[in-house]
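J.: Below is the structure I would like to discuss, written out as structure tokens.
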Amino acid sequence: MFSPGCDNRGDERRPVDLTALLRTFYFNPRRHPDFGWAFLGRFLLYLGYFGINGYLLKCADRKRRGDIAEGRMRPAVRWGRLRVPASTGR
């Protein structure tokens, strides 16, 4: 909660160099292959997670607005005359 260091609010500051900042995040995957694979794996995992969550949010929003109940949302699979007894109870 309290910093024991000295106050530096009045000190002169350098402007931020964006290219130098972005260079600090670069890594060579050939020199560090384990980090490269771990980064790629985690990136793909989170990409899939947020993709599925975004899709489910879209479906929930469309259901809330009544698009599915009123038949405006086209189903991904058209059953036609096919009957599914387990789902209809007949």
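Per this note's numbering, residue 65 is the first one in the sequence shown, and the count goes up by one each step. Even glycine gets a Cβ: it sits at the ideal position worked out from N, Cα and C. None of the values given here were measured: they were computed from a predicted structure.
1) Taking the C-alpha atoms as reference points, what is the distance between T88 and L111?
2) What's the C-alpha gap between C123 and L109?
3) Put N115 into one of helix, strand or coil per three-state DSSP.
4) Give the DSSP-derived three-state secondary structure of T88 in the structure shown.
5) For I116 and G100, what's the separation of their Cα atoms in angstroms?
T.: Working from what's here:
1) If you number the sequence shown from 1, residue 88 lands on position 24. If you number the sequence shown from 1, residue 111 lands on position 47. T88 and L111: Cα-Cα distance of roughly 23 Å.
2) As a working note, residue 123 is residue 59 in the sequence shown. As a working note, residue 109 is residue 45 in the sequence shown. Roughly 21 Å separates the two Cα atoms.
3) If you number the sequence shown from 1, residue 115 lands on position 51. The amino acid at residue 115 is misidentified as Asn; the sequence shows Gly. In the structure shown, G115 sits in a helix (DSSP, three-state: H, G or I).
4) In the sequence shown, counting from the first residue as 1, residue 88 sits at position 24. It is coil, neither helix nor strand.
5) The sequence position of residue 116 within the sequence shown is 52, counting from 1. The sequence position of residue 100 within the sequence shown is 36, counting from 1. Using only the alpha carbons, I get a separation of about 24 Å.
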